[in-house]
Amino acid sequence: MRIAIMGAGGIGGYYGAKLAASGNEVVFIARGAHLDAIRAKGFSLVGPAGDIHLPKAVATDDPSTVAPVDVVLFCVKLFDTEAAARAIAPLLDRGGICISLQNGVDGQHRVGAVAGGDRVLGGLAFVSAVIETPGTVRYNSANPALEFGEADGSLSERAVRFRDACIAAGFGATVVKDIRAAQWNKFIGLSTNAALTALARRPAGVVYHDPDLLEIARQGFAEAAAVARAVGIELPADIVDALVKKHQGFPADMYASMYHDLNRGKRLELESLSGLVVRKGREHGVPTPVHAMAYACLKPFLNGSAG
């Protein structure tokens, strides 16, 4: 398959490298020092399940130079959604699909409003990865996977074809029937994890094992779950306990990506994480004090350290 990785950071870099190593034609769309390094020395992926080096990785900062593709993996930050969607829309002209792997719960709708809703699938990335140095992505997940699905819940031929390519590349992939529910299930944990690892400046091994921080995490999960139910998502009755157990099993050194952005003085996806929980909570009369506190404390850094 011909695949474009729109945003070749940690998430896009991991899946792109695996797909390229298994024989797919992959183009990394990147920028800055990361792009320069890929062009000069190729792309490297390093982590616990094995390393990959692509000495002849193809990379560009101009999507208009990329021919139409079968799949675009859309991995840009949420605040860049509309601009990036306009850039990749021509890549889908011959029946290609875009799979949004962005954080949050509204990425595919925002991409679809620009590139065409029938071309865009929602997706979920289950991997922890970050650009270690320009041209090199480090991941620390033992069993990374993808979930994605059509808006109508169908098991479409195009979704199955990409699923099979992912499995052949060596990572898990599932076409899910209700992608909206799957996204909210992940978002409940993600929004809280992003807030707390960023606020505490400490990884999962601290946040979910310190009794005081753990209680705040539990409250954050409960708030986001209450919002999800208010917007019509069915959730397991024990979702908070399940999320506590899941997060306590994370690698001790794992941070949410928002922590890394904060630490590097970059823009934050705050508006689409705790910010969204707070806004939806207000719309539906659901109290969200933990997420409101996180949003208020991190808002001064919303546009980076210079903001």
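Residue numbers (our numbering): 3 to 309. Yeah, the Cβ is synthetic: ideal placement off N, Cα and C, and Gly gets one too. No experiment lies behind these values; they were computed from the predicted model shown.
For the options Arg96, Phe45, Leu264, the alpha carbon positioned closest to that of Val68 is the one of Arg96. In this structure, the CA atom of Lys301 is about 43 angstroms from the CA atom of Glu159. Given a length threshold of 4 residues, each whole run of the alpha helix (DSSP H) inside the segment 11 to 89 is given here in chain order: 12 to 23, 34 to 43. Note on geometry: alpha-carbon atoms of Leu80 and Phe303 lie some 16 angstroms from one another. Per DSSP, reduced to three states, the secondary structure at Arg163 is helical.
Under the criterion of beta carbons closer than 8 angstroms, Gly191 and Phe150 do not qualify as touching, at roughly 18 angstroms. With a contact defined as Cβ atoms closer than 8 angstroms, Ala89 and Pro65 qualify at about 4 angstroms. Rounded to the nearest whole angstrom, the CA to CA distance from Asn265 to Glu134 is 14 angstroms. Residues Glu225, Ala228, Val229, Ala232, Lys282 of the same chain have their beta carbon placed closer than 8 angstroms to that of Val288, with the five preceding and five following residues left out of the count. DSSP places Thr290 outside both helix and strand once states are collapsed to three, so it counts as coil. Excluding five sequence positions before and after Gln110, the CB atoms of its chain that fall closer than 7 angstroms to its own CB belong to Ser102, Val122, Leu123, Gly124, given in chain order. The secondary-structure analysis by DSSP pairs Thr199 with nothing; it has no beta-bridge partner.
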